[in-house]
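K.L.:
With the UniProt record's numbering as the guide, the letters of the sequence shown map in order to residues 1 to 361.
Got a structure here, written out as structure tokens. Questions coming.
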Amino acid sequence: MNDAIRPQPGIMDIALYVSGESKVAGKTEVLKLSSNENPYGPSPRAQAAFAEAAASLHRYPSTDHAELRAAIGAVHGLDPERIICGVGSDEVLQFITQAYAGPGDECITTEHGFSMYPILAHAAGATPVTVAERERRVDVDAILAAVTPRTRVVFIANPANPTGTMVAEADLRRLAEGLGAGVILVLDGAYAEFAGDFDGGVSLVEEFPQVVMTRTFSKIHGLGGLRIGWGYARREIIDVLNRIRQPFNLSLAQMAAAEAAVRDVDYTRFCATENARWRDFLRNGLVQMGVACDESFANFVLARFASSDEAEAADRALREDGILVRKVGGYGLPQCLRITVGDEAACRRILGVIATFKGIR
Ligand SMILES: *Cc1c(COP(=O)(O)O)cnc(C)c1O
């Protein structure tokens with residue numbers, strides 16, 4: 001070790017992100033339900049736009065993402081000037097953390113919260129503070145009780161990953177009021193489109209100057225492989241974030257595909273409708289077999305087994321059948337498995353394996 005070169009404080013505290021597995025030893029046909037991917041794939045229009053972009057790859061992309069922001073603004077009814085685009089919403093979350101938190105500051109995340117939040121806090125040199133949840137739901141009062149003069153950012157995914165639960169808008173409003181104007185409240189809406197007519201946090205952004213909403217093309221738009229996300233906040237915040245954004249952070253092909261995807265509202269609606277239908281089917285099937293399952297507002301369900309041993313055994317049975325789901329022991333939920341809602345065949349196959357596992361048929 002060379003003692004003279006030392007990384008910035010916090011970097012060595014980062015526990016590397018663990019992504020959903022994609023391979024099972026000895027299986028060629030794997031059903032991957034471990035990363036909340038869209039089972040129907042990206043919109044055919046997004047695929048065509050991506051292919052078409054191939055001929056222009058010698059050109060540098062736009063630095064201001066104007067066309068993509070205009071498309072997002074038009075579809076969601078938002079002011080494009082208050083939108084910022086990033087390499088996945090992960091990058092937008094990174095901009096927020098880097099811009100507003102540093103050494104000596106605290107970033108609040110919750111007990112079963114998304115694992116990227118503490119990673120980003122550490123990367124900025126800040127200290128992540130984890131607040132307990134109540135029955136797998138974000139507890140607004142516990143968050144308010146954990147706020148100190150050093151708190152800079154609070155992260156909440158709504159719907160949450162990996163629990164799939166939601167915080168009511170009235171509670172979020174109470175949280176924003178309680179935090180006051182000096183603490184950024186991040187509402188991560190990665191799964192907003194799966195939660196019915198939920199606006200992802202737009203109305204709270206309009207109401208409170210310190211609320212930032214993030215969204216992604218990785219989930220409902222089926223473009224996780226392409227890496228595009230965006231954020232919405234008041235102008236002053238977007239202006240701050242743009243200063244640390246690399247001018248060419250998004251490629252031409254990313255922007256072309258994302259623009260086509262967001263404009264294909266019929267396809268988006270189709271994916272949301274199918275998801276809701278098979279999510280209910282999957283959850284009801286699990287509950288009927290004695291596997292507890294909270295109501296989910298996302299594109300996955302959290303299957304709660306009697307013990308961590310039973311969850312491990314169920315995971316082995318699924319793998320044996322070539323099905324990959326997500327173990328969530330790292331999220332403080334060792335008795336649970338997070339299962340992405342696939343298409344009809346995938347959901348039926350899951351329930352079949354669990355039925356056999358439970359000795360039901
Ligand atoms: C999947 C997910 C995201 C999306 O991340 P990208 O970088 O946009 O792919 C963001 N937040 C949560 C909670 C997620 O589960």
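In this text, a Cβ means the ideal position worked out from N, Cα and C, and glycines have one as well.
#1: Give the straight-line distance between the Cα atoms of Arg263 and Gly200, rounded to the nearest whole angstrom.
#2: What residues come near ligand 1, if near means a beta carbon less than 5 Å from any of its heavy atoms?
#3: In or out: Tyr17 buried (at least 16 other Cβ within 10 Å) or exposed?
#4: Does the stretch 234-242 come into contact with the stretch 75-84, if we say contact requires no fewer than three beta-carbon pairs (one atom in each stretch) closer than 8 Å?
#5: Between Asp188, Met12, Thr109 and Leu68, which lies nearest to Ala142 when the distance is taken from Cα to Cα?
#6: Bridge partners for Met213 per DSSP, in chain order?
#7: So what does DSSP say about Thr127, is it helix, strand or coil?
#8: Measuring only the C-alpha atoms, how far is Val291 from Gly196?
#9: Please determine if the stretch 164-182 and the stretch 325-337 are in contact, where contact requires at least 3 C-beta pairs separated by less than 8 Å.
#10: Compute the beta-carbon to beta-carbon distance between Gly113 and Ala168, rounded to the nearest angstrom, for a pair I have assumed lies under 8 Å.
#11: Take Ser22 and list the residues in its own chain whose beta-carbon comes closer than 6 Å to its own, dropping the five residues that flank it on each side.
#12: Does the stretch 113-122 touch the stretch 239-255, meaning 3 or more C-beta pairs lie closer than 8 Å?
#13: Taking one C-beta from the stretch 275-288 and one from the stretch 350-357 each time, how about it: are there three or more such pairs within less than 8 Å?
#14: For chain D, check one thing: does any of its Cβ atoms lie closer than 8 Å to the Cβ of Gln8?
#15: Which residue or residues does DSSP assign as beta-bridge partners of Cys107?
#16: Which residue's Cα is closest to the Cα of Glu320: Arg349, Ser308 and Ser296?
#17: Report yes if the C-beta of Gln210 is less than 7 Å from at least one heavy atom of ligand 2; otherwise report no.
#18: Under a three-way DSSP split, which group does Leu68 fall into?
#19: Do you know how far the Cα of Ala272 is from the Cα of Ala49?
#20: With a CB to CB cut of under 6 Å and the five nearest residues on each side skipped, what residues in its chain are close to Leu144?
#21: List the endpoints of the continuous alpha helix (DSSP H) containing Leu93.
#22: Can you tell which of Gln98, Val140 and Thr151 has the C-alpha that lies nearest to the C-alpha of Glu111?
#23: If we count Cβ pairs, one from each stretch, closer than 8 Å, do we get three or more for the stretch 50-68 versus the stretch 254-261?
#24: Compute the Euclidean distance between the alpha carbons of Asp343 and Arg316, then round it to the nearest angstrom.
#25: Suppose you measure from the CA of Arg152 to the CA of Tyr100; what does that come to, to the nearest Å?
#26: Hey, would you say Cys336 sits closer than 8 Å to Ala311, going by beta carbons?
P.N.:
Once the coordinates are examined:
#1: Indexing the sequence shown from 1 puts residue 263 at position 263. Indexing the sequence shown from 1 puts residue 200 at position 200. Approximately 18 Å, taken between the alpha carbons.
#2: Gly88, Ser89, Asp90, Phe114, Ala157, Asn161, Asp188, Ala190, Thr216, Ser218 and Gly229
#3: In the sequence shown, residue 17 corresponds to position 17, counting from 1. So Tyr17 ends up on the exposed side.
#4: yes
#5: Numbered from 1 along the sequence shown, position 142 holds the residue referred to as residue 142. Taking only the C-alpha atoms, the option nearest Ala142 is Thr109.
#6: As a position in the sequence shown, residue 213 is number 213, starting the count at 1. Answer by DSSP bridge pairing, in chain order: Leu187 and Tyr232.
#7: Position 127 of the sequence shown, counted from the start, is the residue given in the question as residue 127. Three-state result, Thr127: strand.
#8: Along the sequence shown, read from residue 1 onward, the residue named residue 291 stands at position 291. Along the sequence shown, read from residue 1 onward, the residue named residue 196 stands at position 196. Going from the Cα of Val291 to the Cα of Gly196 covers about 25 Å.
#9: no
#10: As a first step, residue 113 must be located in the sequence shown, where it is residue number 113. As a first step, residue 168 must be located in the sequence shown, where it is residue number 168. With a Cβ gap of about 18 Å, Gly113 and Ala168 do not count as contacting.
#11: Along the sequence shown, read from residue 1 onward, the residue named residue 22 stands at position 22. Excluding residues within five positions, the ones whose Cβ falls inside 6 Å are Lys32.
#12: no
#13: yes
#14: Of the chains in the structure shown, none is chain D; there is only one protein chain.
#15: As a position in the sequence shown, residue 107 is number 107, starting the count at 1. For Cys107, which the question treats as bridged, DSSP gives the partners Pro128 and Val153.
#16: Here residue 320 is taken as the residue at index 320 of the sequence shown, counted from 1. With distances taken between Cα atoms, Glu320 lies closest to Arg349.
#17: The model on display carries ligand 1 but not ligand 2.
#18: By 1-based counting over the sequence shown, the position of residue 68 is 68. Residue state, collapsed to three classes: helix.
#19: Counted from its first residue, the sequence shown places residue 49 at position 49. Counted from its first residue, the sequence shown places residue 272 at position 272. Roughly 22 Å between the two C-alpha positions.
#20: Against the sequence shown, residue 144 aligns to sequence position 144. So the qualifying residues of the chain are Gly178.
#21: If you number the sequence shown from 1, residue 93 lands on position 93. Start and end: Gly88 to Tyr100.
#22: As a first step, residue 111 is located in the sequence shown; it is residue number 111 there, counting from the start. The shortest Cα separation from Glu111 among Gln98, Val140 and Thr151 belongs to Val140.
#23: yes
#24: Here residue 343 refers to the residue found at position 343 of the sequence shown. Here residue 316 refers to the residue found at position 316 of the sequence shown. Answer to the nearest angstrom: the Cα atoms are 22 Å apart.
#25: Against the sequence shown, residue 152 aligns to sequence position 152. Against the sequence shown, residue 100 aligns to sequence position 100. In a straight line, the C-alpha of Arg152 is about 7 Å away from that of Tyr100.
#26: Locating residue 336 in the sequence shown gives position 336, where the first residue counts as 1. Locating residue 311 in the sequence shown gives position 311, where the first residue counts as 1. Cβ atoms of Cys336 and Ala311: closer than 8 Å.
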